[in-house]
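If you read the sequences in order, they're chains E and U.
Counted from 1, the first sequence has number 51 at position 52 by numbering that gives the first Met the number 0; the numbering is strictly sequential.
Counted from 1, the second sequence has number 18 at position 19 by numbering that gives the first Met the number 0; the numbering is strictly sequential.
Have a look at the structure below before the remarks.
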Amino acid sequence: MSLGPYASFIVTSYALVAAVVLLLIVWIVADYRRQQARLKEIEASGITRRSGRSAADIR
Amino acid sequence: MTLTATLTDLANPTRFLALTARILPWLAGVTAILLAIGLYQSAMAPDDYQQGATVKIMFIHVPNAWLSMFVWGVMSVAALGTLVWRHPLADVAAKAAAPIGAAFTFLALVTGSLWGRPMWGTYWEWDARLTSVLILFLMYLGLMALWRAVEDPSRAARAAAVLTLVGAINIPIIKFSVDWWNTLHQPASVLRMGGSTLDKAFLWPLLVMAIAFSLLFVTLHLAAMRNEILRRRVRSLQMMQASRVAFASEAGAGAKEIGAA
Chain E
0 MSLGPYASFI VTSYALVAAV VLLLIVWIVA DYRRQQARLK EIEASGITRR SGRSAADIR
Chain U
0 MTLTATLTDL ANPTRFLALT ARILPWLAGV TAILLAIGLY QSAMAPDDYQ QGATVKIMFI
60 HVPNAWLSMF VWGVMSVAAL GTLVWRHPLA DVAAKAAAPI GAAFTFLALV TGSLWGRPMW
120 GTYWEWDARL TSVLILFLMY LGLMALWRAV EDPSRAARAA AVLTLVGAIN IPIIKFSVDW
180 WNTLHQPASV LRMGGSTLDK AFLWPLLVMA IAFSLLFVTL HLAAMRNEIL RRRVRSLQMM
240 QASRVAFASE AGAGAKEIGA A
């Protein structure tokens, strides 16, 4: 597969899209872990929801 | 089950979290498969008789451009949900969608620019289409800043909802800018009256990529909504914690005063 004289423009476009999508995925996964850790930390200090269910329990 | 009943059922964040925990792995799997198929078809697509291999940028530029507008549309519906129906998850949905929409808009702008340089001879032109998409990107950033600036979530939700609905005026302007004004950007070639002008060799990979990116958005959006629900739970538990500490210190001070008397 030859990309012709403008190969650098094509490759840069695809690489940039891949990088930004990957960044979004990493950010969302990291944010989820951060929120879960904060919830467990607060609950460990004795603060619970009125329902009595764990706030970190999402099933 | 009717749509209203489904929406009412999903108004419960706990039920929403449980449902998305089940469907997210499937959504992510289907998205990955469709992206792989789309990328393969894009790589195998023939060169355009005028643009050569540069046409391959279209397969990532167009889905991102579509999504930049679609995400604002989703946020506008969510804004109505906040202002009219006061749906508990409406603001969560809008807030979670904004950074994803901003990312898609950024990619549409940059890939368009990288496509424009070899085709038009310039990275940027202040024409109606490019400028209106840049305004959309700035509006995404403005909304994100607004949510961060206002500490009370319900006040931030109403202000953001109004701003989102005002900003929705820009969506038809972006869509029809190529018809209303004389722009460097080409007119619509897929979603247009009279059908697509694209050859099937380009249309199929483009449609597969568009569906794959749309599913990518749905997957990321649901995951980000879950994070936002958890963030709000953290906030309410922290407020309970703070009020308990305040109550305990007040009670302690009261006991000391009684002891001193």
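From the three backbone atoms N, C-alpha and C, an ideal C-beta is built for every residue, glycine too.
For residue i, which three-state DSSP category applies?
{"i": "Gly45 of chain E", "result": "coil"}
{"i": "Gly51 of chain U", "result": "strand"}
{"i": "Tyr5 of chain E", "result": "helix"}
{"i": "Arg32 of chain E", "result": "helix"}
{"i": "Ile168 of chain U", "result": "coil"}
{"i": "Glu124 of chain U", "result": "coil"}
{"i": "Val149 of chain U", "result": "coil"}
{"i": "Leu38 of chain U", "result": "helix"}
{"i": "Gln237 of chain U", "result": "helix"}
{"i": "Trp180 of chain U", "result": "coil"}
{"i": "Pro62 of chain U", "result": "helix"}
{"i": "Ala17 of chain E", "result": "helix"}
{"i": "Asn11 of chain U", "result": "coil"}
{"i": "Gly194 of chain U", "result": "coil"}
In chain E, which residues lie with their C-beta within 7 Å of the C-beta of residue i?
{"i": "Pro117 of chain U", "result": "Tyr5, Phe8"}
{"i": "Met239 of chain U", "result": "Ile46"}
{"i": "Leu113 of chain U", "result": "Phe8, Thr11, Ser12"}
{"i": "Arg230 of chain U", "result": "Gln34"}
Taking 8 Å as the CB-CB limit, is residue i close to chain E?
{"i": "Val217 of chain U", "result": "no"}
{"i": "Met138 of chain U", "result": "no"}
{"i": "Asn226 of chain U", "result": "yes"}
{"i": "Leu88 of chain U", "result": "no"}
{"i": "Phe105 of chain U", "result": "yes"}
{"i": "Val233 of chain U", "result": "yes"}
{"i": "Ala261 of chain U", "result": "Nothing can be reported for residue 261 of chain U, as the shown portion of chain U is limited to 0 through 260."}
{"i": "Gly37 of chain U", "result": "no"}
{"i": "Ile22 of chain U", "result": "no"}
{"i": "Met42 of chain U", "result": "Just to set this straight, residue 42 of chain U is Ala in the shown sequence, not Met. Chain E contact via Cβ: present."}
{"i": "Gly251 of chain U", "result": "no"}
Can you tell which of the options has its C-alpha closest to the C-alpha of residue i?
{"i": "Leu79 of chain U", "options": "U:Ala44, U:Ala160, U:Ile59", "result": "U:Ala160"}
{"i": "Arg231 of chain U", "options": "E:Asp30, E:Ala17, E:Val25, E:Ala14", "result": "E:Asp30"}
{"i": "Leu18 of chain U", "options": "U:Ala222, U:Gln40, U:Met238", "result": "U:Ala222"}
{"i": "Leu38 of chain E", "options": "U:Ser248, U:Ala252, U:Ser235", "result": "U:Ser235"}
{"i": "Ala43 of chain E", "options": "U:Ala247, U:Ser248, U:Val233, U:Ala252", "result": "U:Val233"}
{"i": "Gly111 of chain U", "options": "U:Gly100, U:Ile99, U:Glu124, U:Ala101", "result": "U:Glu124"}
{"i": "Ala44 of chain U", "options": "U:Asn226, U:Phe201, U:Met224, U:Leu113", "result": "U:Phe201"}
{"i": "Asp90 of chain U", "options": "U:Ala27, U:Ala250, U:Met143, U:Ser131", "result": "U:Met143"}
{"i": "Leu138 of chain U", "options": "U:Ala167, U:Arg157, U:Ile228", "result": "Before going further, note that residue 138 of chain U is Met rather than Leu in the sequence given. For Met138 of chain U, the nearest C-alpha among the options comes from U:Ala167."}
For a contact defined as C-beta to C-beta under 8 Å, what are the partners of residue i on chain E?
{"i": "Thr110 of chain U", "result": "Ser12, Leu15, Val16"}
{"i": "Ile59 of chain U", "result": "Ser12, Tyr13, Val16"}
Is there a C-beta anywhere in chain U that falls below 8 Å from the one on residue i?
{"i": "Leu23 of chain E", "result": "yes"}
Any heavy atom of the ligand MN closer than 7 Å to the beta-carbon of residue i?
{"i": "Val165 of chain U", "result": "The model depicted lacks the ligand MN and carries no ligand whatsoever."}
Using the Cβ count rule (16 or more neighbours within 10 Å means buried), how would you classify residue i?
{"i": "Tyr5 of chain E", "result": "buried"}
{"i": "Gln34 of chain E", "result": "buried"}
{"i": "Trp114 of chain U", "result": "buried"}
{"i": "Trp65 of chain U", "result": "buried"}
{"i": "Val132 of chain U", "result": "buried"}
{"i": "Phe58 of chain U", "result": "buried"}
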